[in-house]
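Notes follow once the structure below has been shown.
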Amino acid sequence: MTQAKYTIGLDYGSDSVRSLIVDVATGAEIASVVFPYPRWAKGMYCVPHENQFRQHPLDYLEGLEYTIVEALKQAPAGVAENVVGISIDTTGSTPVAVDEKGTPLALTPGFEENPNAMFVLWKDHTAVKEADEINELAKKWEIDFTKYEGGIYSSEWFWSKILHVSRADAGVLRAANSWVEHCDWIPAVLTGTTRPQILKRSRCAAGHKAMWHEAFGGLPTEEFLVALDPILSGLRDRMFKETYTCDVAVGKLTPEWAEKLGLSTDVVVGVGAFDAHLGAVGAQIEPYYLSKVMGTSTCDMLVAPNEEVGDKLIAGICGQVDGSVVPGMLGMEAGQSAFGDIYAWFKKVLMWPAQQIIGQSELVDEATRAKLLDELSDKMILELSKAAEALPIDEKGVLAIDWMNGRRTPDANQNLKGAIAGLNLGTDAPRIFRSLVEATAFGSKAIVDRFIEQGVPIKGVIALGGVAKKSKLVMQIVCDVLNMPIKVARSEQACALGSAMAAAVVAGVYATTHEAQEKMGGGFETEYQPIPENAAKYQAIYEKYSKLGQFIEENLTR
Ligand SMILES: Nc1ncnc2c1ncn2[C@@H]1O[C@H](COP(=O)(O)OP(=O)(O)O)[C@@H](O)[C@H]1O
Ligand SMILES: O=C(CO)[C@@H](O)[C@@H](O)COP(=O)(O)O
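Note that full-length UniProt numbering has the sequence shown beginning at 1, numbered continuously upward.
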């Protein structure tokens, strides 16, 4: 009997990192371990009301070691010796300033506690002004460098963040040799290739967030960047020219990391990519099937043969990049800046009085107070969902707009804010919660409609991510609003599974990503079907959503 081989997929989400060990022959998920980022969990280095969200590199390194070592402990004997590859996915754009060795500045003396020296998380919107400047200059420039990124550059992306931090922190500006995406840094650490000049850069990250395109010869020109702000002068030369798809190897584990992880130095490490893109691979994406990663935010991925899309530029999405999802095919990205985060926000609002009052009540002892608050927090969304599910669709009821974290697509605008209208004195929490769920579904429909308007057919919808697995209410409402069937990927960890598939390709087990998908894919566990009468009602309400959104954009934008 041939010796089984395994790969490890690492999925760095917004709140935690998880490892997944997979049997490459069958896709069987052998072990998985999750590591919540400790500093992030305490809210360190973040200022939510200023949209500042930063993550310390130590959160990532500790999670890297912990999740792999613990997963190998859970795996049967003989697995560790037969791991042949590791690949990772992360959130993005989540860049960090690095020194000439490629070390994030927060890991160097004097910057240990400086949020500007840490990873600027994808949801950090401190660079709204810089994004506006990039868009204004791009539209006047001889080449519109945003054209392969939907024509609108976002504050969530690479250059906006670099410019903002460079302006805000002279110390970081002086010490920064280059800037590196999270999805590029981890593979470089594992393989000892962190120096910016040799570090392999992800096609996915560069193409979707850094305005990289082979038609430009790589990144935007030095002239464009200097015209944006002379503070960027010389940085382009310390960035990169080539980019690589996730079927390419970065290198092999260094002896140090092989020792730490209990793995062989023969283990091949793949070029990284973003979570949504490898999640789509893990969910067995096919051409013209929209793969929705439904988590704190949503990412909508599509793939199509390059030749079928041709020179078409798809306006208002997060970019069209050759090889960003499945090597050899065009990857198209859209998404919503907040999805599950909106439910989490409402829960936080409802928790405030309880935390202030129960949290200080003398009627019960401290241990009981803590248990009460934990139970409230743990059950809040489930209880709201149960009550919301019992409510009828109300075409004259509460109507919400899902732009609490700005609008990512269609047509990025991080200046926008959310709204809740149609309230009366009888409006209760479940009704408001249901309106928020409906709003997130309407935001999803706006994206689907944009692709179709732009001539990209959508044959069906695949869903993955935490919300897809946790909420039947959300999934049925999204299904009714889209008026399309939605298949939910079986894997609890589709992003990590996609990374494990990529690792199997870079390790030479499979020749193509498609082959790895076929052999390692877990298929689908549920298929939601739209309820026709609901779909008809939601079509009418969606028109109101669109009008309210237009009013907000025209009158209430910051
Ligand atoms: N029962 C639920 N119904 C709807 N949303 C939920 C439920 N439980 C958790 N969530 C949401 O799931 C999101 C986390 O999704 P997940 O995919 O696990 O994380 P990430 O997006 O960081 O990868 C949170 O925003 C949370 O509000
Ligand atoms: O924007 C991207 C990828 O392009 C995601 O990394 C970002 O939305 C974060 O996704 P999650 O909500 O953490 O799943």
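All residues carry an ideal CB built from backbone N, CA and C; glycine is no exception. In this text the structure is predicted, and so the values were computed from the model without any measurement.
When C-alpha distances from Gly9 are compared across Lys472, Ser491, Gly319, Leu121, the shortest belongs to Ser491. For His208, the closest C-alpha among the options Phe274, Lys547, Lys537, Val281 is that of Phe274. Shown here for Leu137: same chain residues with a beta carbon closer than 8 Å to its own, the five before and five after excluded, namely Phe224, Ala227, Leu228 in chain order.
The shortest CA-to-CA distance from Arg39 to any of Phe53, Leu391, Ile30 is the one to Phe53. In the assembly as shown, Ile357 is an exposed residue. Its beta-carbon has fewer than 16 other beta-carbons within 10 Å.
Non-local C-beta neighbours of Val24 in its own chain, meaning closer than 6 Å and more than five positions away in sequence, comprise Lys5, Thr7, Ala504, Val509, ordered along the chain.
Per the DSSP secondary-structure output, Arg407 pairs in a beta bridge with Asn413. Short of 6 Å from the beta carbon of Glu389, and not among the five residues preceding or following it, lie these beta carbons of its own chain, in chain order: Leu473. In this structure the stretch 201 to 221 lies against the stretch 237 to 254, because at least three pairs of beta carbons, one per stretch, are closer than 8 Å. Within the DSSP secondary-structure output, Gly460 pairs in a beta bridge with Tyr289. Closest in C-alpha terms to Gly272, from the list Ser87, Glu518, Tyr60, comes Ser87. In terms of CA proximity to Val83, Leu261 leads the group Leu261, Leu399, Pro48, Met44. In the DSSP annotation of this structure, the continuous segment of the beta strand (DSSP E) that includes Val321 starts and ends at 320 to 322.
Counting only runs that start and end inside the stretch 137 to 191, the alpha helix (DSSP H) elements of at least 4 residues fall at 158 to 168, 170 to 175, 182 to 191. For Arg450, the secondary structure class from DSSP, reduced to helix, strand or coil, is helix.
Here the alpha carbon of Gln517 sits roughly 44 Å from the alpha carbon of Lys371. Across the set Ala540, Ile342, Thr440, Asp99, the C-alpha of Ala540 shows the shortest separation from the C-alpha of Asp394. About 4 Å separates the CB atoms of Ala71 and Ala31; that is less than 8 Å, so the two are in contact. Selection Tyr153, Tyr545, Arg431, Ala168 evaluated against Asp411 yields Tyr153 as nearest (Cα-Cα). Contact between Gly85 and Val506 holds, since their C-beta atoms are separated by about 6 Å, short of 8 Å.
Taken atom to atom, the span from the alpha-carbon of Pro230 to that of Lys386 is near 55 Å. Check the Cα spacing between Lys544 and each of Lys200, Ala205, Ile420: the tightest is with Ile420. DSSP places Val481 within a helical segment (H, G or I) once states are collapsed to three.
When the Cα atoms are used, Lys292 and Ile462 turn out to be separated by approximately 6 Å. DSSP places Phe524 in the uninterrupted beta strand (DSSP E) bounded by 524 to 528. At least one heavy atom of ligand 2 is found less than 6 Å from the C-beta of Thr91.
For Ser87, DSSP records a beta bridge to Gly9. Distance from the CA atom of Leu416 to the CA atom of Gly282, rounded to whole angstroms, is 32 Å. Under the Cβ criterion (8 Å, minimum of three pairs), the stretch 171 to 183 counts as touching the stretch 111 to 125.
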